[in-house]
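One structure below.
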Amino acid sequence: MQNNAKLISKGARMLMWSMLVAVIGSVVSGIVLVYMLLIKLIPYLSFSSNYYINSTSYLNTTSTLPPSTVPTLISGIAGVLYIVIGIAVVFGVVELVFQWMGWSSLKTADSRYAIGRRGLILVVVGAVFALVSFMALLPELTSAVLQGSSALTSVLPLIAGIGILSFVGAILIIVGVIMLYIGLWRLGSSYNNRMIKVSIILVIVDVVLSAIFGVLLPAVTSVASLLGIASTILLIIGLHRVSAAASSQATSNASEVSPQ
Numbered sequence: 341m342q343n344n345a346k347l348i349s350k351g352a353r354m355l356m357w358s359m360l361v362a363v364i365g366s367v368v369s370g371i372v373l374v375y376m377l378l379i380k381l382i383p384y385l386s387f388s389s390n391y392y393i394n395s396t397s398y399l400n401t402t403s404t405l406p407p408s409t410v411p412t413l414i415s416g417i418a419g420v421l422y423i424v425i426g427i428a429v430v431f432g433v434v435e436l437v438f439q440w441m442g443w444s445s446l447k448t449a450d451s452r453y454a455i456g457r458r459g460l461i462l463v464v465v466g467a468v469f470a471l472v473s474f475m476a477l478l479p480e481l482t483s484a485v486l487q488g489s490s491a492l493t494s495v496l497p498l499i500a501g502i503g504i505l506s507f508v509g510a511i512l513i514i515v516g517v518i519m520l521y522i523g524l525w526r527l528g529s530s531y532n533n534r535m536i537k538v539s540i541i542l543v544i545v546d547v548v549l550s551a552i553f554g555v556l557l558p559a560v561t562s563v564a565s566l567l568g569i570a571s572t573i574l575l576i577i578g579l580h581r582v583s584a585a586a587s588s589q590a591t592s593n594a595s596e597v598s599p600q
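Under the working numbering, the sequence shown is numbered contiguously, ending at residue 600.
Spelled out as C-alpha cells, the structure:
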C-alpha cells in the first residue's frame, strides 16, 4: 500500500510536469511564430500611404504588395512554419517523456490507470500520422503555390492521400485523448479531487461550444478558449494536490508499519 501511494504520488507529479511543459511549449511556439512572421513579413511589404485628415481626424492608409515579393514571402512563411514545428516537436517529446513516466507509475500502482497509458500511445501514433502528413504536404504545396494554378491541380492526389492519413491520425488522437481523460477522472475520483473533475468538465464544455457555435459566433470561441485555459490551470493544481495527498498517505502508511 505504501509503495502504491508513492507510485501514485510520482505519477501525478510527472503528469503535472507534462502539463507545465505543454503550456511553456505553447507560449514559446506562439511567441516565435509571431516574431518570425514579423521578421519575414515586414521587409517584403511595400507601403505607399496617403493620409487624409478631415474634421473627424480620419486617417486613410493604402498599402500594396509588389508581385515580385510574393515567392520570397511564401517561402519565408514556410520556413517559419518549419521552425515552429521543430520547437513544438522538441517540447512535445519532453512532454511525452513526462506523460509516459506518469502513466507508467500510475499503471504499476493500480491497473485501473492502464487506460491512460494506452490512450497516450494512441495520441502519439495519431500525432505522428498528422505530423508526417503536414511535413509531406507543406513543401509540395509551397512549390505548387509558387508555380501557379496548374501546379496546384497536380498536387490534388497528394492532398487527398494526405487527407486520409490525417483523418486516421485525428481519429486516433480523439480516442486517445478520451482515454487519457478517463484515466484522469479515475485519479481524481480516487483522491476525491474536484479540481481534476472540474477541469475535465470544462474541456468538454469547451469542445461542445467550439463545435456547435464556434463558426457562427466568434465570441463563443473566445469564451471557449478561456475555459480551456482555466481547465489547464485547474488540472495542474489538481495533479499537484493528488501528488501531495498520495505522498502524505505513503508517509502515514510507513509510520504505521514501522516498528515501535
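Glycine is no exception: its CB is placed at the ideal position from the N, C-alpha and C atoms.
For clarity, every value in this text was computed on a predicted model and none was experimentally measured.
| Check | Outcome |
| --- | --- |
| Nearest by alpha-carbon distance to R452: which of S529, V437, A570, L574 is it? | S529 |
| Where does D450 sit, in a helix, a strand or coil, going by DSSP? | coil |
| Any chance the stretch 419 to 429 sits against the stretch 496 to 508, with 3 or more Cβ pairs inside 8 Å? | no |
| Classify Y422 as helix, strand or coil using the three-state DSSP reduction. | helix |
| Given 6 Å as the limit, tell me if V538 has its C-beta closer than that to any heavy atom belonging to the ligand GDP. | In terms of ligand content, the structure shown is empty, and the ligand GDP therefore cannot be addressed. |
| Measuring straight from C-alpha to C-alpha, what distance separates F474 and A449? | 38 Å |
| Which class does N532 belong to by DSSP, given the choice of helix, strand or coil? | coil |
| Are the beta-carbon atoms belonging to G351 and G442 less than 7 Å from one another? | yes |
| Ordered along the chain, which non-local residues of its own chain (more than five positions away) have a Cβ less than 6 Å from that of S358? | E435, F438, Q439 |
| For the structure I just gave you, are there three or more beta carbon pairs, one from the stretch 563 to 570 and one from the stretch 583 to 593, closer than 8 Å? | no |
| Leaving out five residues on either side along the sequence, give the residues of the same chain with a beta carbon under 8 Å from the beta carbon of W525. | I536, K537, I540 |
| To the nearest angstrom, how far is the alpha carbon of G327 from that of I461? | Past the boundaries of the shown model lies residue 327; the chain is included only from 341 to 600, so the question cannot be answered. |
| Can you tell me whether Y521 is buried or exposed, with buried defined as 16 or more other CB within 10 angstroms of its CB? | buried |
| If we ignore side chains and look at the alpha-carbon of each, how far apart do I552 and M376 end up? | 33 Å |
| Use the C-beta contact count for G578: other C-beta atoms within 10 angstroms, 16 or more gives buried, fewer gives exposed. | buried |
| Measure the Cβ-Cβ separation of R581 and N533 and say whether it is below 7 Å. | yes |
| Out of curiosity, what's the CA-to-CA distance linking S369 and I573? | 19 Å |
| Can you find the residues in the same chain that come closer than 7 Å, C-beta to C-beta, to A585, ignoring five residues on each side of it along the sequence? | Y531 |
| Let me know if I393 comes out buried or exposed under the rule of 16 or more other beta-carbons within 10 Å of its beta-carbon. | Summary for I393: the model assigns pLDDT 39, below 50, so the residue's position carries little reliability; its value from the coordinates is reported in the next sentence. Result: exposed. |
| Taking 7 Å as the cut-off, decide whether the C-beta atoms of L512 and G456 are in contact. | no |
| What's the gap between the Cα of T401 and the Cα of V374? | A caution first: T401 carries a pLDDT of 44, below 50, which makes its placement in the model too unreliable to give a value. |
| Report buried or exposed for R353, applying the criterion of at least 16 other Cβ atoms within 10 angstroms of its Cβ. | buried |
| To the nearest angstrom, report how far apart S397 and D546 are at their CA atoms. | With a pLDDT of only 42 at S397, under 50, the local geometry of the prediction cannot be trusted, and the value read off the model is given with reservation. When rounded, the distance between both Cα atoms is 42 Å. |
| Report the CB separation of L575 from V563 in whole angstroms; it is logged as a contact under 8 Å. | That belief does not hold up - the Cβ atoms of L575 and V563 are roughly 19 Å apart, past 8 Å. |
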